[in-house]
Amino acid sequence: MRTLSVGGLSIDLVRKSIKNLHLAVYPPDGRIRVAAPWHVSEDAIRLAVAKRVAWINRQRRNFKAQERQAKRRYVSGETHYFLGRGYRLQVISNGATFRVRLGGANRIELAVPIDADRDAREQVMLRWHRRELRKRAEAEAAKWAARLGIDPPVVGIKQMRTKWGTSNPSARRIWLNLELAQKPPRCIAYIVLHELVHFEHRKHGDEFVAKLERFMPNWRAIRDELNKLPLATQPWCKVKA
Numbered sequence: 000m001r002t003l004s005v006g007g008l009s010i011d012l013v014r015k016s017i018k019n020l021h022l023a024v025y026p027p028d029g030r031i032r033v034a035a036p037w038h039v040s041e042d043a044i045r046l047a048v049a050k051r052v053a054w055i056n057r058q059r060r061n062f063k064a065q066e067r068q069a070k071r072r073y074v075s076g077e078t079h080y081f082l083g084r085g086y087r088l089q090v091i092s093n094g095a096t097f098r099v100r101l102g103g104a105n106r107i108e109l110a111v112p113i114d115a116d117r118d119a120r121e122q123v124m125l126r127w128h129r130r131e132l133r134k135r136a137e138a139e140a141a142k143w144a145a146r147l148g149i150d151p152p153v154v155g156i157k158q159m160r161t162k163w164g165t166s167n168p169s170a171r172r173i174w175l176n177l178e179l180a181q182k183p184p185r186c187i188a189y190i191v192l193h194e195l196v197h198f199e200h201r202k203h204g205d206e207f208v209a210k211l212e213r214f215m216p217n218w219r220a221i222r223d224e225l226n227k228l229p230l231a232t233q234p235w236c237k238v239k240a
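In case it helps, numbering that gives the first Met the number 0 puts the sequence shown at residues 0 to 240.
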């Protein structure tokens, strides 16, 4: 990966076997990335970026003003998000047990050994998020696959830096960003459907959009909601389609 400078902006340049140039700005810090075909010259890339400088700066200003989640310390009293709702964390030091569960309508209970440090507590919470997100995502995938007339995919969960989800049609697999465990269920449903539609339509073209419109007419509103939710401390991406 090369770095270009255009109008005082630092641009990450990635070469790919693609037809068109793609420009993206990523939260939380406004990192700029261009994916370009091998045959496009750097001068042509610089010109394309220069034409979009106003848009790039507008996106970066929006990210700077957007609400952010503070880094969590995993101590009692903190607010933690799960499926779009805020819960108060209650840490229970109880010997050798590691466990997370919802304790009533507004509390998450995190049981850990008394000597568990912040990183150990975080890992327990992330494993719980992964497990709960996989269960919900697998149910969504089965539902949408049936409506699309395809076999249910294998659902994987992992931390991602630049995407909410990806699909691998040949392997019949979709991957979802672990961060989605904190987002409302409708956002999870949208990303699952989005990735499943890619099994038939690889690009975000008219046919792809038409299929989304057919099965989820309000997908744009959900996409915009997801993009406006508080940013985590990791640089997650904005959904474009």
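Every residue gets a Cβ at the ideal spot worked out from N, C-alpha and C, and that includes glycine. Bear in mind the structure is a predicted one, so any value in this text is a computation, not a measurement.
Terminal residues of the beta strand (DSSP E) in which Trp-174 lies: 172-176
Give the C-beta separation of Phe-81 and Ile-149 to the nearest angstrom, bearing in mind that I take them to be a contact with Cβ-Cβ under 8 Å. In fact, because the Cβ distance is near 30 Å, the residues do not count as touching under 8 Å.
Distance CB(Val-111)-CB(Phe-97) smaller than 8 Å: yes
Specify, as a first and last residue, the run of the beta strand (DSSP E) that Val-111 falls within. 106-111
Helix, strand or coil for Asn-19, going by three-state DSSP, please let me know. coil
Hey, quick one: how far does the beta strand (DSSP E) through Asn-167 stretch, first residue to last? 164-167
Decide if Glu-212 is buried, meaning its Cβ has at least 16 other Cβ atoms within 10 Å, or exposed. exposed
If contacts are defined as beta-carbon pairs under 8 Å, then Lys-15 and Ala-43 qualify, I think. What distance do you get, rounded to the angstrom? Contact doesn't hold; Cβ gap of about 15 Å is too wide.
Please report the straight-line C-alpha distance between Ile-31 and Asp-11, rounded to a whole angstrom. 6 Å
Between the beta-carbon of Leu-175 and the beta-carbon of Leu-132, is there less than 8 Å? yes
Enumerate, from N- to C-terminal direction, the unbroken beta strand (DSSP E) stretches of 3 or more residues contained entirely within the segment 80-107. 84-92 and 98-101
Below 8 Å, can you find three or more Cβ-Cβ pairs linking the segment 108-127 to the segment 87-95? yes
With Ala-49 and Val-5 assumed to form a contact (beta carbons below 8 Å), what rounded beta-carbon distance in angstroms separates them? 6 Å
Arg-45 - containing alpha helix (DSSP H), residue span: 41-50
If I follow the unbroken beta strand (DSSP E) through Arg-129, where does it start and stop? Unbroken run through Arg-129 is the alpha helix (DSSP H), 117-147; no beta strand (DSSP E).
Of the choices Ile-17, Ala-138 and Leu-179, whose alpha-carbon is the least far from that of Gln-158? Leu-179
Cβ-based neighbour list, Leu-3, same chain, cut-off 6 Å, excluding 5 preceding and 5 following: Ile-10 and Leu-12
Pull up the DSSP beta-bridge partners for Leu-269, would you. Since the first residue shown for the chain is 0 and the last is 240, residue 269 is missing from the structure and cannot be characterised.
Taking the continuous beta strand (DSSP E) assigned at Ala-35, which residues delimit it? 30-36
Relative to the alpha-carbon of Arg-71, which residue among Leu-225, Tyr-86, Asp-114 and Ala-209 has its alpha-carbon at the smallest distance? Tyr-86
Given a cut-off of 8 Å, decide if Val-196 and Lys-210 are closer than it, judged by their beta-carbon atoms. yes
Classify Ser-169: buried if its beta carbon has 16 or more other beta carbons within 10 angstroms, exposed otherwise. exposed
Residue of Met-124, His-200, Ala-136 and Asp-114 minimising C-alpha distance to Trp-163: Ala-136
Do you know whose CA, among Thr-165, Lys-202 and Trp-37, lies nearest Ile-187's CA? Thr-165
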